[in-house]
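For reference, the structure is listed below as C-alpha cells.
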Amino acid sequence: MTTQSNLGRRLLGAIFLTTLLLAGKAALAKSFTVTVDPTGNFTYEPYNVSIQPGDTVTWNWGTTGHSVTAGTPGHPSGLFDSGVLKTGATFTYTFPGAGTYNYYCTPHGVCCGMVGIVTVAASTPTPTPSPSPSPSPSGSQLLNISTRMRVQTGDNVLIGGFIITGSDSKKILLRAIGPSLAGQGVANTLADPILELHGKDGSVITTNDNWKDTQQAEIEASGAAPGDDLESAIVATLAPDIYTAIVSGKNGTSGVGLVEAYDLDTAADSQLANISTRGFVETGDNVMIGGFILGNGADPANVLIRALGPSLTQQGVSNALADPTLELHDANGALVMSNDNWKDTQQTEIAATGIPPTNDLESAILVAIPPTAHTAIVSGKNGATGVALVEVYRLP
Numbered sequence: 003m004t005t006q007s008n009l010g011r012r013l014l015g016a017i018f019l020t021t022l023l024l025a026g027k028a029a030l031a032k033s034f035t036v037t038v039d040p041t042g043n044f045t046y047e048p049y050n051v052s053i054q055p056g057d058t059v060t061w062n063w064g065t066t067g068h069s070v071t072a073g074t075p076g077h078p079s080g081l082f083d084s085g086v087l088k089t090g091a092t093f094t095y096t097f098p099g100a101g102t103y104n105y106y107c108t109p110h111g112v113c114c115g116m117v118g119i120v121t122v123a124a125s126t127p128t129p130t131p132s133p134s135p136s137p138s139p140s141g142s143q144l145l146n147i148s149t150r151m152r153v154q155t156g157d158n159v160l161i162g163g164f165i166i167t168g169s170d171s172k173k174i175l176l177r178a179i180g181p182s183l184a185g186q187g188v189a190n191t192l193a194d195p196i197l198e199l200h201g202k203d204g205s206v207i208t209t210n211d212n213w214k215d216t217q218q219a220e221i222e223a224s225g226a227a228p229g230d231d232l233e234s235a236i237v238a239t240l241a242p243d244i245y246t247a248i249v250s251g252k253n254g255t256s257g258v259g260l261v262e263a264y265d266l267d268t269a270a271d272s273q274l275a276n277i278s279t280r281g282f283v284e285t286g287d288n289v290m291i292g293g294f295i296l297g298n299g300a301d302p303a304n305v306l307i308r309a310l311g312p313s314l315t316q317q318g319v320s321n322a323l324a325d326p327t328l329e330l331h332d333a334n335g336a337l338v339m340s341n342d343n344w345k346d347t348q349q350t351e352i353a354a355t356g357i358p359p360t361n362d363l364e365s366a367i368l369v370a371i372p373p374t375a376h377t378a379i380v381s382g383k384n385g386a387t388g389v390a391l392v393e394v395y396r397l398p
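At position 384 of the sequence shown the residue is numbered 386 (this note's numbering), and the sequence of numbers has no breaks.
As C-alpha cells, then:
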C-alpha cells in the first residue's frame, strides 16, 4: 500500500491537470476565495467567477503545516513566496496584470504539485459562466490515450493523469502493458507491471496486478484485453473529474511500460479531455512517447500538446528535463509538426488557449488534426535526460 507521503510526491501528473480557466468580467473588481485541504484538493466561491487585473483571491488553509510555494508574487509564473501557514490561516493576493498564474500546495512538506491555474483577462468583455469541468468539445473525441516510456522506481514511476469532462459518468478501460511490448520489438520491457487508479484527492480507487485476477470477463468483453497474463487492467465507470493512473514494477523492478486509457462508452455525454504523463525521459528508444486516437466524428479536432521540464522544479521535482523538444507524428509515422521553444512558433495562438507553458524553453504544438491516430514524442535537446511531463489537451 502506498503511504500518503509517497502518494503526494507521485501525484504531480494528476494535479498538473487541475485547471481553472476564468476569463471575462464586468468593470467592477471582484474577489473570490479558494479553500485548500491537506491533499491539495480545492473548492472555490463564488462558483462562476471571472477576473481581471486588480481582482483579489483569498486562500484558506484548514490544516496546520501547509507550505505555499511558487515563483514571485506579481509575475505570471506564480502567486506566492514560500511560507508555512497555520490552521485556518488565510492568504490574500491581488492580481497586478493580465497573465497566467499558477499556485501550489505543499501539505506537511510533501509536494503534491500545482493546485490550479488562473487566467487573468486583459479586457472587459461581457461576463460568461466558467464551468468546471468544461463541457465536452463537439466533433471528434479522444478514444484512446497512452504513454510509453521506461518505468523506474520511486518518483520516476509512470504517472498518467487524465480528465473526464461533460455531465455523464464515463466507462473506461485502463491498461498497464509490459511483457507484450517485446513482441513489438521493444527491448527491456517491464516484466510485471502493477496499476493503481487514484482520485483527485489522492485516494486509491482500485488496484490490479494481473488482469485475470479480477474483472476478467469485463476486460475481455472490451475487446482490448492485455496480451500477457502478468499485465494489468482496470474497468471503471468514473464521474467527470481528475484521475491518476500509476504504473510501477512489481517488487521494485524497472523496464519499458505503457499506460493506456480507452473510452468504452462514446455515446455518453462526457469525454476523455486530456492526458498528462510524468516520467524520466532518457535517450534512444527510452524517450517519452504519448499516443492518442481521435474518433467518433468526422471533423478535425483542435489539440494542444505540451512538453514541460524546467517548470517542474517549482513543484520540488529534481532532475527536471532542462530543454524538452516535441514532435507530433501521424499514424504513418510522418512528422506533422515539431517545436523546441514554444514562443518560437504559434506564440499568440498558444497563449490564447489560456494554458501556455510557463517556461520559454518548454515546447507546445497547437494543431487541428483529423480523426485518426497520432504520436507525440518528447526528448531532451542535444540528448539531455531528465524528468518531463507530456500533455495532450482536446480543446473546443
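The C-beta atom is built at its ideal place from N, Cα and C for all residues, glycine as well.
Inset, instruction - Take residue 242 and list the residues in its own chain whose beta-carbon comes closer than 6 Å to its own, dropping the five residues that flank it on each side. - result: To locate residue 242, count along the sequence shown from 1; it is residue 240. The answer, listed in chain order, is 135, 166, 167, 168 and 272.
Legend entry - Supposed contact pair residue 357 and residue 330 - C-beta distance, whole angstroms, cut 8 Å: The residue labelled residue 330 in the question sits at position 328 within the sequence shown. The residue labelled residue 357 in the question sits at position 355 within the sequence shown. Not quite, the Cβ-Cβ distance comes to about 17 Å (not below 8 Å), so this is no contact.
Inset, instruction - Buried or exposed for residue 189, please, with buried defined as at least 16 other CB atoms from any protein chain shown within 10 angstroms of its CB. - result: Against the sequence shown, residue 189 aligns to sequence position 187. Here residue 189 is exposed, its C-beta having fewer than 16 other C-beta atoms within 10 Å.
Inset, instruction - Can you give me the start and stop residues for the beta strand (DSSP E) that residue 366 sits inside? - result: If you number the sequence shown from 1, residue 366 lands on position 364. Residue 366 -> beta strand (DSSP E) spans 365-371.
Legend entry - For residue 202, three-class secondary structure by DSSP: Position 200 of the sequence shown, counted from the start, is the residue given in the question as residue 202. Reduced to three states, the DSSP call for residue 202 is coil.
Legend entry - Environment of residue 139 [buried if 16+ CB atoms lie within 10 Å]: If you number the sequence shown from 1, residue 139 lands on position 137. Reliability of the predicted coordinates at residue 139 is poor, the pLDDT of 44 falling under 50, and the value obtained from them is presented with this limitation in mind. Burial call: buried.
Inset, instruction - Can you tell me which of the three DSSP states residue 76 falls into? - result: For the purposes of this step, residue 76 is taken as the residue at position 74 of the sequence shown. Only weak support exists for where residue 76 lies, its pLDDT of 41 falling under 50; the coordinates are left without a value.
Legend entry - For residue 189, the three-state DSSP class (helix, strand or coil): Within the sequence shown, the letter at position 187 stands for residue 189. The answer is coil: DSSP assigns residue 189 none of H, G, I, E or B.
Inset, instruction - Could you check how far apart the C-beta atoms of residue 281 and residue 160 are, in whole angstroms? I think they sit under 8 Å. - result: As a working mapping, residue 281 is identified with position 279 in the sequence shown. As a working mapping, residue 160 is identified with position 158 in the sequence shown. At roughly 5 Å, the Cβ-Cβ gap stays under 8 Å, so residue 281 and residue 160 are in contact.
Inset, instruction - Identify whether residue 314 lies in helix, strand or coil by the three-state DSSP scheme. - result: For this step, residue 314 is matched to residue 312 along the sequence shown. Of the three classes helix, strand and coil, the one that applies to residue 314 here is helix, per DSSP.
Inset, instruction - Inspect the CB distances between the segment 238-252 and the segment 218-229 and report whether three or more fall short of 8 Å. - result: With contact defined as three or more Cβ pairs closer than 8 Å, the segment 238-252 and the segment 218-229 are not in contact.
Inset, instruction - Could you check if residue 186 is buried or exposed, using at least 16 other CB atoms within 10 Å of its CB as the buried criterion? - result: For the purposes of this step, residue 186 is taken as residue 184 along the sequence shown, with counting starting at 1. Residue 186 counts as exposed, since fewer than 16 other C-beta atoms from the protein chains shown sit within 10 angstroms of its C-beta.
Legend entry - Buried or exposed (CB count within 10 angstroms, at least 16 for buried), residue 205: The residue given as residue 205 occupies position 203 in the sequence shown. Per the 10 Å Cβ criterion, exposed.
Inset, instruction - Pull up the distance between the alpha-carbon of residue 305 and that of residue 287, whole angstroms please. - result: Translated into the one-based positions of the sequence shown, residue 305 becomes position 303. Translated into the one-based positions of the sequence shown, residue 287 becomes position 285. A straight line joining the alpha-carbon of residue 305 with that of residue 287 spans about 25 Å.
Inset, instruction - Pull up the distance between the alpha-carbon of residue 350 and that of residue 366, whole angstroms please. - result: Counting from one through the sequence shown, the residue named residue 350 turns up at place 348. Counting from one through the sequence shown, the residue named residue 366 turns up at place 364. When rounded, the distance between both Cα atoms is 12 Å.
Legend entry - residue 399, DSSP secondary structure in three states: Absent from the structure is residue 399, since the part of the chain shown begins at 3 and ends at 398.
Legend entry - Range covered by the alpha helix (DSSP H) that runs through residue 350: Walking along the sequence shown from the start, residue 350 turns up at place 348. Run containing residue 350: 349-354, per the alpha helix (DSSP H) assignment.
Inset, instruction - Between the Cα of residue 397 and those of 371, 385 and 326, spot the shortest distance and give me the residue it belongs to. - result: The residue you call residue 397 lines up with position 395 of the sequence shown. Per the Cα distances, 371.
Inset, instruction - Assuming residue 191 contacts residue 261 (C-beta within less than 8 Å), just tell me the rounded distance between them. - result: Here residue 191 refers to the residue found at position 189 of the sequence shown. Here residue 261 refers to the residue found at position 259 of the sequence shown. For residue 191 against residue 261, the beta-carbon gap comes to about 14 Å, at or over 8 Å, which does not count as contact.
Inset, instruction - Compare the beta carbon distance of residue 251 and residue 153 with 7 Å and say whether it is the shorter of the two. - result: Translated into the one-based positions of the sequence shown, residue 251 becomes position 249. Translated into the one-based positions of the sequence shown, residue 153 becomes position 151. Going by C-beta atoms, residue 251 is nearer than 7 Å to residue 153.
Inset, instruction - For residue 334, count neighbouring Cβ atoms within 10 angstroms of its own Cβ and tell me buried if that reaches 16, exposed if not. - result: For the purposes of this step, residue 334 is taken as the residue at position 332 of the sequence shown. Counting the other Cβ atoms within 10 Å of the Cβ of residue 334 gives fewer than 16, which makes it exposed.
Inset, instruction - In angstroms with no decimal places, state the Cα-to-Cα distance between residue 368 and residue 269. - result: In the sequence shown, residue 368 corresponds to position 366, counting from 1. In the sequence shown, residue 269 corresponds to position 267, counting from 1. If you draw a straight line from the Cα of residue 368 to the Cα of residue 269, it is about 27 Å long.
Legend entry - Buried versus exposed, by CB contacts within 10 Å (16 or more), residue 246: Counting from 1 along the sequence shown, the entry for residue 246 is found at position 244. Result: buried.
Legend entry - Proximity below 7 Å, CB of residue 147 to CB of residue 202: By one-based count along the sequence shown, residue 147 stands at place 145. By one-based count along the sequence shown, residue 202 stands at place 200. No; because the gap between Cβ atoms is not below 7 Å, this pair is not in contact.
Legend entry - Cβ contact (3+ pairs, closer than 8 Å) linking the segment 310-330 and the segment 384-396: Short answer: they touch.
Legend entry - Distance between residue 339 and residue 182 (C-alpha atoms, nearest Å): Counting from one through the sequence shown, the residue named residue 182 turns up at place 180. Counting from one through the sequence shown, the residue named residue 339 turns up at place 337. Their backbone Cα atoms lie some 30 Å apart in a straight line.
Inset, instruction - Tell whether a beta-carbon distance below 7 Å holds between residue 382 and residue 283. - result: Position 380 of the sequence shown, counted from the start, is the residue given in the question as residue 382. Position 281 of the sequence shown, counted from the start, is the residue given in the question as residue 283. Less than 7 Å separates the beta-carbon of residue 382 from that of residue 283.
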